[in-house]
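**Student:** Using my numbering, the first residue of the sequence shown is number 144, and each one after it goes up by one. For each residue, glycine too, the CB sits at the ideal point set by N, CA and C.
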Amino acid sequence: IYYGTDSRSPELLLGALLAVALHHRRFTARLATRGPVQTTAAALGVAAIAVMAVAWATVGQQSAWLYEGGFAAYAVVSVALITAAIVPIGPVRRVLAVRPLVYVGTISYGIYVYHWPIFLFVDRLWPSLADAPAFAVKLAVTVPLAVASHRFLEHPIRHGSRIAGRRPWTVAPVPMVAVAAGALAVTLTAPPPIIDFDKAQQELAAATDDLRATPPPSVDPAAQTPPRPRVALFGDSTAMLTAYGLNSSLTASGEADFVGGWTQLGCGISRYGERRDGKFQGPVSEECNAWDQSWQHELDEGQPNVAVVQVGPWEVVDRKLPGDAMWRAIGDPVYDDYLRGEMLNAVDLLSADGAVVVWLSMPNMGAPPGEDPYEFRGNGADPQRRE
Numbered sequence: 144i145y146y147g148t149d150s151r152s153p154e155l156l157l158g159a160l161l162a163v164a165l166h167h168r169r170f171t172a173r174l175a176t177r178g179p180v181q182t183t184a185a186a187l188g189v190a191a192i193a194v195m196a197v198a199w200a201t202v203g204q205q206s207a208w209l210y211e212g213g214f215a216a217y218a219v220v221s222v223a224l225i226t227a228a229i230v231p232i233g234p235v236r237r238v239l240a241v242r243p244l245v246y247v248g249t250i251s252y253g254i255y256v257y258h259w260p261i262f263l264f265v266d267r268l269w270p271s272l273a274d275a276p277a278f279a280v281k282l283a284v285t286v287p288l289a290v291a292s293h294r295f296l297e298h299p300i301r302h303g304s305r306i307a308g309r310r311p312w313t314v315a316p317v318p319m320v321a322v323a324a325g326a327l328a329v330t331l332t333a334p335p336p337i338i339d340f341d342k343a344q345q346e347l348a349a350a351t352d353d354l355r356a357t358p359p360p361s362v363d364p365a366a367q368t369p370p371r372p373r374v375a376l377f378g379d380s381t382a383m384l385t386a387y388g389l390n391s392s393l394t395a396s397g398e399a400d401f402v403g404g405w406t407q408l409g410c411g412i413s414r415y416g417e418r419r420d421g422k423f424q425g426p427v428s429e430e431c432n433a434w435d436q437s438w439q440h441e442l443d444e445g446q447p448n449v450a451v452v453q454v455g456p457w458e459v460v461d462r463k464l465p466g467d468a469m470w471r472a473i474g475d476p477v478y479d480d481y482l483r484g485e486m487l488n489a490v491d492l493l494s495a496d497g498a499v500v501v502w503l504s505m506p507n508m509g510a511p512p513g514e515d516p517y518e519f520r521g522n523g524a525d526p527q528r529r530e
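1) Using a Cβ-Cβ cutoff of less than 6 Å, which residues in the same chain neighbour residue 445 once the five nearest sequence positions on both sides are dropped?
2) In the structure shown, what three-state DSSP assignment does residue 249 receive?
3) Shortest alpha-carbon distance to residue 277 belongs to which of 200, 258, 295, 294?
4) May I ask you to report which of helix, strand or coil DSSP gives residue 295?
5) Along the chain, where does the alpha helix (DSSP H) containing residue 176 start, and where does it finish?
6) Where DSSP assigns a beta bridge to residue 500, which residues make up the other side?
7) At what residues does the beta strand (DSSP E) containing residue 414 begin and finish?
8) Given residue 411, which residues of its chain have a CB within under 6 Å of its CB, disregarding the five upstream and five downstream residues?
9) Provide the residue span of the alpha helix (DSSP H) that contains residue 433, from first to last.
10) Check for me: the alpha helix (DSSP H) holding residue 230 runs from which residue to which?
11) What are the residues that DSSP puts in a beta bridge with residue 462?
12) Any contact of the region 242–261 with the region 284–303, i.e. 3+ C-beta pairs under 8 Å?
13) Helix, strand or coil for residue 495, going by three-state DSSP, please let me know.
14) Alpha carbon to alpha carbon, how far is residue 255 from residue 268? Give it in angstroms, no decimals.
15) So for residue 512, helix, strand or coil by DSSP?
16) If we ignore side chains and look at the alpha-carbon of each, how far apart do residue 521 and residue 180 end up?
17) Who are the Cβ neighbours of residue 161 in its own chain at under 8 Å, not counting the five residues just before and after it?
18) Report yes or no: do the region 187–197 and the region 234–245 share at least 3 C-beta pairs separated by less than 8 Å?
19) Starting from residue 182, follow its DSSP beta bridges and name the residues at the other end.
20) How big is the Cα-Cα spacing for residue 130 and residue 186?
21) Could you have a look at residue 402 and say whether DSSP puts it in helix, strand or coil?
22) Look up residue 408 in the DSSP assignment and say whether it is helix, strand or coil.
23) Does DSSP put residue 272 in a helix, a strand or coil?
24) Counting C-beta neighbours from all protein chains within 10 Å, is the total for residue 201 16 or more, i.e. buried, or is it exposed?
25) Starting from the C-beta of residue 516, find all residues in its chain whose C-beta is less than 6 Å away, skip the five residues before and the five after it, and write them out in chain order.
26) Taking one C-beta from the region 478–488 and one from the region 389–409 each time, how about it: are there three or more such pairs within less than 8 Å?
27) Assuming residue 415 and residue 476 make a contact with CB atoms under 8 Å, what is their CB distance in whole Å?
28) Note down the Cα distance separating residue 431 from residue 243, rounded to an integer number of angstroms.
29) Would you give the residue range spanned by the alpha helix (DSSP H) that residue 506 belongs to?
30) With respect to the alpha helix (DSSP H) encompassing residue 163, which residues constitute its N-terminal and C-terminal limits?
31) If you drop the 5 nearest sequence neighbours on each side, which residues of the same chain put their C-beta closer than 7 Å to that of residue 528?
32) Taking the C-alpha atoms as reference points, what is the distance between residue 467 and residue 198?
33) What's the C-alpha gap between residue 523 and residue 479?
34) Excluding the 5 residues preceding and the 5 following residue 507 in the sequence, name in chain order all residues of the same chain whose CB lies nearer than 6 Å to its CB.
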């Protein structure tokens, strides 16, 4: 979602609108002339810097409100800052007129264009580097490349001059070859496709509906003594993938009927409050908070007599519980009691009609020690094993 065009288009469109506005003589004349427009622009710039500072310190990429107008709101703040930097009065202009910042602004387009692939490449090449040395290496590569790009590519194009004194037809093949080589390299080294959880969930639901409607043709339900177990699986996205394999295995073996359950990306059993790890921070979604209702619906539909639960990744991250100002994690008595209560709620719900509850251990998320403490935490603090 973070990289989606629909998520980021407001920023691009507002930037384009600002560029159009700045080419309008009447608008720029008001900014250049002392008056209410100029004063307001300067004041809004100060407010914009304050808002940005708070956002940088407190907002993570996974904050839900960013995808509900937050990116557009931040773009409006950016427009206010840029406008304030243009007017000839105010503290924003004075601060941003410092020579080092001016130079960074001069090469900022190159920094923006080149930094992301370089950052990814460095992370992949030296994954064990600490944050500070890794950032230093990334800057050491990005900044010289941005300087060279500005000197030999961007500046000549902007000013309509020849690139390095050469004829266009002799220069054009160079970027063409570079782009082709880059595309080939990315294609050859591309990682496996990311799992489409939405599609997986739809396919699993369709398979479950078919199984509920029609028993396997090779089995006579009336002749079964005792009847085959009816198995359902509940949990987060790891449970969704397990359900795929469980469905296929049970269908092939005929030892039990898979009757669905409820598995959802990002939804563990610990409800309410906020959660965070090294990549995001935000509230638990309303859908996840209502897992008990979703589970009950599937219990009524499938009527399983074996209920399998697989959760854990969302239970081992840091949590801020409702009404609590402190971040807590597994091992904290307060959070342990809360999580124990949620697990007992789940067991009571699933076993209310006599189903046997099977609680699977948390799957290994694959992060080695020291690389991602939140992912690796699950190996030693699996809530199922602790209980």
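**Tutor:** Let me spell this out:
1) Against the sequence shown, residue 445 aligns to sequence position 302. Taken in chain order, the residues that qualify are 375, 402, 403.
2) Counting from one through the sequence shown, the residue named residue 249 turns up at place 106. Residue 249: helix per DSSP, three-state reduction.
3) The residue labelled residue 277 in the question sits at position 134 within the sequence shown. Nearest C-alpha to residue 277: 258.
4) Numbered from 1 along the sequence shown, position 152 holds the residue referred to as residue 295. Residue 295: helix per DSSP, three-state reduction.
5) In the sequence shown, counting from the first residue as 1, residue 176 sits at position 33. Premise fails: residue 176 is in no alpha helix (DSSP H) and is neither H nor E.
6) For the purposes of this step, residue 500 is identified with residue 357 of the sequence shown, where counting begins at 1. Its beta-bridge partners are 450.
7) Taking the sequence shown and counting its residues from 1, the one referred to as residue 414 is at position 271. Segment: none, residue 414 is in no beta strand (DSSP E) and carries neither H nor E.
8) Mapped onto the sequence shown, residue 411 falls at position 268. The residues are 379, 454, 457, 458.
9) Stepping through the sequence shown from its first residue, residue 433 is reached at position 290. Segment: none, residue 433 is in no alpha helix (DSSP H) and carries neither H nor E.
10) In the sequence shown, counting from the first residue as 1, residue 230 sits at position 87. Element bounds for residue 230: n/a, residue is neither H nor E.
11) Sequence index remark: in the sequence shown, residue 462 carries index 319 (1-based). Answer is 418, 471, bridged to residue 462.
12) yes
13) Looking up residue 495 in the sequence shown gives position 352. Coil at residue 495, not helix or strand.
14) Working through the sequence shown from its first residue, we reach residue 268 at position 125. Working through the sequence shown from its first residue, we reach residue 255 at position 112. Looking at the two C-alpha atoms, the distance is approximately 21 Å.
15) Indexing the sequence shown from 1 puts residue 512 at position 369. Here the model assigns residue 512 a pLDDT of 44, short of 50, so the residue's position is not dependable, and the following value carries that caveat. Residue 512: coil per DSSP, three-state reduction.
16) In the sequence shown, counting from the first residue as 1, residue 521 sits at position 378. In the sequence shown, counting from the first residue as 1, residue 180 sits at position 37. With a pLDDT of only 47 at residue 521, under 50, the local geometry of the prediction cannot be trusted, and the value read off the model is given with reservation. For residue 521 and residue 180, the distance between alpha carbons rounds to 56 Å.
17) As a working note, residue 161 is residue 18 in the sequence shown. Cβ within range, chain order: 222, 225, 226.
18) yes
19) One-based indexing of the sequence shown puts residue 182 at position 39. Beta-bridge pairing links residue 182 to no other residue.
20) Because the chain is modelled from 144 through 530, residue 130 falls outside the range shown and cannot be assessed.
21) One-based indexing of the sequence shown puts residue 402 at position 259. Strand at residue 402.
22) In the sequence shown, residue 408 corresponds to position 265, counting from 1. The answer is coil: DSSP assigns residue 408 none of H, G, I, E or B.
23) In the sequence shown, residue 272 corresponds to position 129, counting from 1. Coil, per DSSP.
24) As a working note, residue 201 is residue 58 in the sequence shown. Flag for residue 201 reads exposed.
25) Within the sequence shown, the letter at position 373 stands for residue 516. Legend: pLDDT at residue 516 = 46, less than 50; position of this residue unreliable, no value from coordinates given.
26) no
27) Counted from its first residue, the sequence shown places residue 415 at position 272. Counted from its first residue, the sequence shown places residue 476 at position 333. 18 Å between Cβ atoms; not a contact.
28) As a working mapping, residue 431 is identified with position 288 in the sequence shown. As a working mapping, residue 243 is identified with position 100 in the sequence shown. Rounded to the nearest angstrom, the two C-alpha atoms are 48 Å apart.
29) Stepping through the sequence shown from its first residue, residue 506 is reached at position 363. Run containing residue 506: none; DSSP gives neither H nor E here.
30) Taking the sequence shown and counting its residues from 1, the one referred to as residue 163 is at position 20. Run containing residue 163: 148–165, per the alpha helix (DSSP H) assignment.
31) As a first step, residue 528 is located in the sequence shown; it is residue number 385 there, counting from the start. With a pLDDT of only 47 at residue 528, under 50, the local geometry of the prediction cannot be trusted, and no value is derived from it.
32) Indexing the sequence shown from 1 puts residue 467 at position 324. Indexing the sequence shown from 1 puts residue 198 at position 55. One C-alpha to the other measures close to 22 Å.
33) Counting from 1 along the sequence shown, the entry for residue 523 is found at position 380. Counting from 1 along the sequence shown, the entry for residue 479 is found at position 336. Unreliable placement is indicated for residue 523, whose pLDDT of 48 sits below 50; no coordinate value is reported for it.
34) Locating residue 507 in the sequence shown gives position 364, counting from the first residue. If we look at residue 507 and ignore the five residues flanking it on each side, it has no Cβ neighbours.
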